[in-house]
Structure formats: structure tokens, C-alpha cells
Amino acid sequence: MKNVVKVGAGFVITALFLYLSFRNIEVSRLVAGMAGFGWFYLLPVLFALFVSFWVRAVRWRYIIQGATEIRTYQAFEILIIGFMVNNVLPVRIGEFARAYLLGKRKNVSKSLALATVALERLCDGYALILFLAAGLLFVGNVEKWLIRLAFTAAGFYTAIFTLMLLLNRFTERFADVAARGTGFLGKAASNRLREALLSFSQGLDLLKSKSRLAMVGLLSLAVWLIFALSVFGMIKGARLPLPFVSTLTFLGIIALGIMIPSSPGYLGTIQYFSIVALGLWGIDKTTALGFSIIYHIITYVPITGLGLWYLAKGNLSVSRLSHDAS
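All residue numbers for the sequence shown refer to the working numbering, where the first residue is 26 and numbers rise by one.
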């Protein structure tokens, strides 16, 4: 029942953001603008897109390193499947699908695997907040709500990081407190929770190594700088008169926007927050909406297609993976 409510709320939010995005739009001008996109940019754009995912896989391998060994191409395959699942199913179940596949293929605890996914997403959050802050330095008259939102997101990520550090350092204490606090559920349930917390903490092993943590931080910047190059190629293809630094604010604002629950594939939120991001640089609403649609297609279709191919190769289906991951 809870998932039904979440899914329903997500579609309502999507409908709201689509309405706000398409309100007062000249459809003929929108279509004409999209038709003028220079598709000869597509090959370098896709190349940079997939390189960013490969570097992301290298980063995830560094995060996992303390718990188990995994080859980069194996991490890449699981990553792509996870992003595909987020594109086609609601409630961000792709993160759990990644943890499930990693646990199954490398024979490690699903809780441990989920911790590595959580760390990876936390690194993304910090990198994109940094991008947004850097990009806003070049923008005049930034609205206060955007600055407050960025500070709120930074505070949220810092709170999660602090909790992870404490859990990793005082694992036994956290596990004992959790077990005692859930004792009313029965000994078996409280013991399962205790074991899950112990396993989750093992997945945070990266936090004990300053050198590995620094490498993961550098790789996080590399992931998003390469992805920014891909977006800049799309900007050039759309013939928007924008500097490279505009991609920093674009990616940062999109990242904040898609934190809001919506339908699968972030439909609606990507459109609305693309308009907000490009509006900072003087791009009108119709042009920005057209760009958002092109951006969405280019980032959605190849990843989803490759993820479905990887899934079929492993004799899995989206519904079965969703069920098992849940």
C-alpha cells in the first residue's frame, strides 16, 4: 500500500511539473527549435556519456575494494542495469537492484552492497553541489530560494556522511542499540537488524582509508566533468550561446530537482529544472524546454537500451529483478 501511495504521488508530481513546463509554450516554435539540433554532435556526446559511466564504474570498484574484488566491466554492467531500472520503474528501486546484483554476483551481504551504493550516491551529491556553487559564481542575480535549496542539500549530505562515519567507527554500539530498541519485535528480528547493520558498516570500509577516499573524490569530479562535456556537446548541438561553466549550474540544479520523487525516468522534473537552470543564463522558456527534451532523450534511451540488453544477457527480466531487489 505504501508503494502504491508513493507511485501515485510521483505521477502527480510529474503531472504538475509537466504542466508548469509546458504552460504558455508555443508548440510550433518548440518543435522548430528541436528540429534544428545538430545531430552530428551525437557521436561525441554519447562517447563522453559512456566514458563518464565507465569512470563511475572505476570509482565504484574503489569503494567496493575493502569488501570484495570486482572488475571494472562487471561494475559497469551492474551500474547500467541500475540506472535502467530507475528509468523504467518508480521509487528509485534501481539503487536496490544494484545492491541486489552486486550481492548475488560477488556473494556478499546485500546490506554491505547497499552501503557501497549509498556511498557512491553521496559522492555524486557532494560533487554536484560543488559544481553548482562554482557555476553560480558566474551568474548574477541568483534567486534566494535556489541558494537555500543548495545549502539544504549540502546540509543533508553532510548529515548522512556524518552518520556513516559514526556508524563505521562505533559499529558495535549502533548495532547493540538497534537490537535492544527492536527487541519487542522478537529476538530473531532484532538479531537480523543487528547483522544487517554490521554488514552495512563493512560496506563503509572506504571511510577508514584517506588515500582511497581521496581517490574516490577525484574520480567523482572526473565523472561529472566528463558528463559535463557530454552536456556541453548537446548545448553546442542545440546552438545555445552558453559557456562551458553553464553546464555546472545545469547539472547541479538538475541533481537537486530529481531528488523530488516523480515518475520513472524523472519525467517532468528534468523539464522544469532545465528551464530554471538555463533561465539563469538568459535562455527563454521555449528554447530551454526543447533542450531539456533532447537532453532527456539522449541520456535516457542509450542507457535504458544497454541496461535492458545486459539484463536479457543475464536471463533476467525487469519485473523479476524488481521483485528480487524489493
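Note that CB positions come from ideal geometry on N, CA and C, so glycine has one too.
Here V301 is not near G332, since their CB atoms are 9 Å or more apart. Cβ contact annotation for I89 (same chain, cutoff 6 Å, sequence separation greater than five): I95, T141, in chain order. A Cβ-Cβ distance of about 18 Å is found for the pair T97 and A73, leaving them out of contact under the 8 Å criterion. In the three-state reduction of the DSSP assignment, R117 falls in the coil class, being assigned neither a helical nor a strand state.
Here L191 is exposed, its C-beta having fewer than 16 other C-beta atoms within 10 Å.
Measuring C-alpha to C-alpha distances from G315 to each of R146, T294, G180, V56 identifies V56 as the nearest. Contact between S288 and T39 holds: their C-beta atoms lie close to 4 Å from each other, under 8 Å. For M284, no alpha helix (DSSP H) segment is defined, and its DSSP state is neither H nor E. Around the beta carbon of G290, a 10 Å sphere encloses 16 or more other beta carbons of the protein chains shown; the residue is thus reported as buried. Residues Y66, V70, F316, I319, Y320, I323 of the same chain have their beta carbon placed closer than 8 Å to that of M259, with the five preceding and five following residues left out of the count. Its Cα nearest to that of A138, the residue L222 stands out among A213, V270, L222, A337. A Cβ-Cβ separation of about 4 Å places S226 in contact with T196 under the 8 Å criterion.
The criterion of a C-beta distance shorter than 9 Å is satisfied by V113 and V343. Spatial neighbours of M240 in its own chain (CB-CB distance under 7 Å, excluding positions within 5 residues in sequence) are listed in chain order as Y87. With distances taken between CA atoms, I105 lies nearest to W79 out of K129, M189, W79. Annotation for I103: R123, L126, L127 place their beta carbon closer than 7 Å to its own, counting only its chain and skipping 5 residues before and after. Under the three-state reduction of DSSP, L231 is assigned to helix. Check the Cα spacing between W170 and each of V37, Q296, I278: the tightest is with I278. Linking S299 to L232 through their CA atoms gives a straight-line distance of about 34 Å. If you draw a straight line from the Cα of L250 to the Cα of L303, it is about 18 Å long.
The Cβ neighbour count for N132, taken over all protein chains shown within 10 Å, is under 16; the residue is labelled exposed. Residue state for T207 is assigned as coil, using DSSP reduced to three classes.
P266 carries a coil assignment under DSSP once its states are collapsed to helix, strand and coil. Under the three-state reduction of DSSP, V256 is assigned to helix. Assignment of L292 by DSSP, reduced to helix, strand and coil, places it in the coil class. Shown here, S342 sits in coil according to DSSP, grouped into three states, outside any helix or strand. Classified as buried, E120 has 16 or more neighbouring CB atoms from the shown chains inside 10 Å of its CB.
Burial state of Y297 is buried, judged by a 10 Å Cβ sphere holding 16 or more other Cβ atoms.
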